[in-house]
Amino acid sequence: MSEFNYAAPASWSYGFALLAFAAFAVQLALGWRGGARATVLLAAMGLSAVWAGAGLAYARTAAHGMWLLCHGLDLARMAALCAFLMLLLYGGRTGKRAVRRAAMSGTALLVALVAVAAVLPSQPPGLPTLGSSAQRLGYVALLGISIYGLVLIEQLLRNAPEASRWALKPLCLGLGGAFVYNLFMYVDAVLFSQLDVAVWSAHAAAQALVVPFLALAAVRNKDWTIDIHMSRRVVFHSTALLGSGLYLLAAAGVGYYVRYFGGTWGSTLQIALLFGALLVLATLFCSGTLRSRLKVYVNKNFFSYRYDYREEWLRFTRVLGAEDRGSLQERVVRALADLVESPAGALWLRDEQGRYRQSARWNMSAVHEAEPEDGSLVRFLAERRWVVDVEACRGNPESYPGLKLPQWLASMSSAWLIVPLLVGEELSGFVVLATPRAKLDINWEVRDLLKTAAHQAASYLGQAQATEALLEARKFDAFNRMSAFVVHDLKNLVAQLNLLVRNADRHRDNPAFQDDMIETVKHVESRMNALLAQLRAGATPVENRRSVDLGGVVTRVQRAKGADERRLSVNIENALSVLAHEDRLEHVIGHLVQNALDATEPDGHVRVRVYGGDDAAGVEVQDNGVGMSTEIGRDRVFRPFPRTKPNGIGIGAYESAQYIQSIGGRIEVDSALNRGTCIKVLLPRHAAAISVPMSRAA
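Numbering (the working numbering), first residue to last: 114 to 811.
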């Protein structure tokens, strides 16, 4: 046996084929969903991978047994590829007798050729056949299988419908090249009585180049029931890399020519030329227009659908949610524009008067005209819900019946598409997109994608508007609530002044009354200043909480009510302090005491008790007045605007409960009709030394 001199090239060739066929077979196996065509194609790719592995082993060992295995696997994989072509050609038309006969005849011929090639001996590459007729006949059988494969490809293209040829072209081109190479290899073997070593070494690499064509054909033919995913990003970058490589090869060839024929200037011109070529390539990579055109080319020629919807939807939602890229209105424009490679756009939203005004723009000039609600454009978008192609509307107005473009839009030369924004059945706005960087055909897929994305964008805008309206309503609610509190406080202050005026005629000469009057006026003045400060600052008290003597607060409330004719008693059992706003706490307790006084008869009594333990402090206000039902005491007394008193506004008890809760306390009510009411204010105790216990009655 002569020395095998092509071990290294053959190893690389068959190793490359092993990786290519194995990877494609794994991809087919992962996406396999049944069916005869998918099964046969998967088997052919699996046999091809094993064949390449056997060829690699033979290239490394030159063992005769490994050659026989490689030869047998090559025969089996060629038969599997022919069977796959026969399934494509006859699989869907076996109902006709002529087709059945053709399929049976083709199957019989293929089986006969495979049987002959399998039975007859075969010599490894490089060894002479020694004129053996049996060995020569074996090569003729292999040659016949290659010719039969080419005939099947020709028949498949000839009989395929016009609409299906686009999907079958990659398959026919790839397998046609594979069978042509086999034809050349076996013709050479028959003519020269041996299998050429160089041709056999390159055989595996040539067969591996078929894999991309088969993968592309599998993607285009969904009825093969093989779910193959080709990453658009990988295809895009691979195409860009391939184009860059061809460009650099051309530049290198021109540079070599310049250096060879340029004389003394050759090297200098070559370096300058290569640098200029790299600079041009970098400029092309930075070109958005070129990138858009390349993307359109890849999507149009490599995929059944123009868009990778998963990637597009992720990018769309990512742009909508990117708060650092401008306002939501501007992000809506950019997100829709990116779907169709548009470099500019603007958004029109409906205002409170029902007119549509430009509310955001991106790389587009400002438009100050408003589109009326009853205008032709708005009515057309609301009724038809179409994506309007402005250029088609200008050239063929009949394609958009009833639509007349407004003057501001007709004069906008860059306007390309009008995308309606619909929330339910209502048109909330529309987006005008500029002409894209690369020409893009507006088909059903583009329109459906824009409609779906526009619906999502309209939902985003609707939620944002609803949130803004809710925040505005909450601000008005806070303002109205604060106004109600202020009115209630003013009512109480006016009541104190009225009490002074009523008692002035009888007690004006009484020094004690005069002192009490001065003290009351000072208190009113202090409360009004506090109200003014609170109005300037908002609903939050202007001062921080501090330690407050609870007994002192109750004493001041007693002093303020001292002019009342009814009996008010105060019992301070403990020296207690709490963290609170002194004026607010005094106002709350004063309000509860005043309510108790209002609920009792002239001969009734109100008792206020200050008590506490280690962790809590309490103020108890008890009267023997008319009382309340359990339902009112539980459900209504601390709700805003209950109007339980004829002259009240229904906010005092609610304000008191809200404040006590804000400082960590609670209010409890125990009341019954005709029995009186007992209200307890319970607060967290603050550890501070105040004064000795005291008790006072008035």
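Using N, Cα and C, we set each Cβ at its ideal position, and we do this for glycine too.
What is the DSSP secondary structure of Thr207, counted as helix, strand or coil?
Because Thr207 carries a pLDDT of 49, less than 50, the predicted location of this residue cannot be relied on, and the following value inherits that uncertainty. Thr207 falls in the coil class under three-state DSSP.
Is Arg658 closer than 8 Å to His704 when the C-beta atoms are compared?
When the beta-carbon positions are compared, His704 and Arg658 stay at least 8 Å from each other.
Could you compute how far the alpha carbon of Ala318 sits from the alpha carbon of Leu553?
38 Å
Ordered along the chain, which non-local residues of its own chain (more than five positions away) have a Cβ less than 8 Å from that of Gln442?
Leu460, Leu462, Ser472, Ala473, Leu574
May I ask which residues mark the beginning and end of the alpha helix (DSSP H) holding Gly458?
From DSSP, Gly458 is part of no alpha helix (DSSP H) but of the beta strand (DSSP E) over 458–463.
For the alpha helix (DSSP H) that Val545 lies in, which residues bound it at each end?
Taken as a continuous stretch (DSSP letters only), Val545 belongs to no alpha helix (DSSP H), being part of the beta strand (DSSP E) at 539–547.
Among the residues of its own chain, which have a CB less than 6 Å from the CB of Ala123, if the five just before and after it don't count?
Here the set comprises Ala172, Ser314.
Please work out which residues of its chain come closer than 6 Å, Cβ to Cβ, to Pro283, disregarding the five sequence neighbours upstream and downstream, and give them in chain order.
Phe326, Leu329, Ala330
Please specify which runs of the beta strand (DSSP E), each continuous and at least 3 residues long, are wholly inside the region 664–709, giving them in chain order.
680–685, 690–693
Measure the beta-carbon distance from Leu516 to Ser541 and round it to whole angstroms, keeping in mind my assumption that it falls under 8 Å.
The beta-carbon distance between Leu516 and Ser541, rounded to whole angstroms, is 19 Å. This is too long to meet the 8 Å contact definition.
Based on the DSSP secondary-structure assignment, which residues constitute the bridge partners of Ile780?
Val794
Quick check: what's the CA-CA separation for Asn611 versus Leu645?
21 Å
Which residue marks the beginning of the beta strand (DSSP E) containing Trp521, and which one marks its end?
The continuous stretches of beta strand (DSSP E) do not include Trp521, which lies in the alpha helix (DSSP H) extending over residues 520–523.
Please tell me whether Trp529 and Val500 are closer than 8 Å, where the distance is taken between their beta carbons.
no
Between the C-alpha atoms of Gly366 and Thr381, what's the straight-line distance to the nearest angstrom?
15 Å
For His342, I'd like the list of residues in its chain whose CB is within less than 6 Å of its CB, leaving aside the five on either flank, ordered along the chain.
The predicted position of His342 is uncertain, since its pLDDT is 46 and thus under 50; no value can be drawn from it.
Run through DSSP, which three-state label would Trp499 get?
coil
Is the distance from the Cβ of Asp812 to the Cβ of Pro797 below 8 Å?
The shown model of the chain, from 114 to 811, leaves out residue 812, and the question about it has no answer.
Give the straight-line distance between the Cα atoms of Arg587 and Ala505, rounded to the nearest whole angstrom.
48 Å
Which residues in the same chain have their Cβ closer than 6 Å to the Cβ of Val567, if we skip the five residues on either side of it in sequence?
Note that residue 567 corresponds to Ala in the displayed sequence, not to Val. Cβ neighbours of Ala567 beyond the five flanking positions: Val532, Leu534.
Considering only the beta carbon of each residue, do Arg444 and Val453 sit closer than 8 Å?
No; because the gap between Cβ atoms is not below 8 Å, this pair is not in contact.
Can you name the residues that DSSP bridges to Gly731?
Tyr724, Leu795
Limits of the beta strand (DSSP E) - the one that Pro533 falls within:
For Pro533, the enclosing beta strand (DSSP E) stretches over residues 528–536.
Residues near Val667 by beta carbon distance below 7 Å, same chain, minus five either side:
Val683, Ile685, Ile702, Val721, Val723, Val732
Would you call Thr396 buried or exposed, if buried means 16 or more other Cβ atoms sit within 10 Å of its Cβ?
exposed
Could you tell me the boundaries of the beta strand (DSSP E) in which Val661 lies?
659–662
Same chain, Cβ closer than 8 Å to Met839, five either side skipped, listed in chain order:
Residue coverage of the chain in this structure runs from 114 to 811, which leaves residue 839 outside it and unanswerable.
For Ala571 and Leu131, the rounded distance between their alpha carbons
52 Å
Where the beta strand (DSSP E) through Ala469 begins and ends:
Here residue 469 is Tyr; the residue named in the question, Ala, does not match the sequence. Per DSSP, Tyr469 belongs to the beta strand (DSSP E) from 469–475.
Where does Ala123 sit, in a helix, a strand or coil, going by DSSP?
DSSP, read as helix, strand or coil, puts Ala123 in helix.
To which residues does DSSP link Trp180 through a beta bridge?
Partner(s): none; Trp180 has no beta bridge.
Give every residue of the same chain whose Cβ lies closer than 7 Å to the Cβ of Ser742, excluding the five residues on either side of it in the sequence, and list them in chain order.
Excluding residues within five positions, the ones whose Cβ falls inside 7 Å are Leu786.
Sub-8 Å separation of Leu155 and Trp145 beta-carbons
yes
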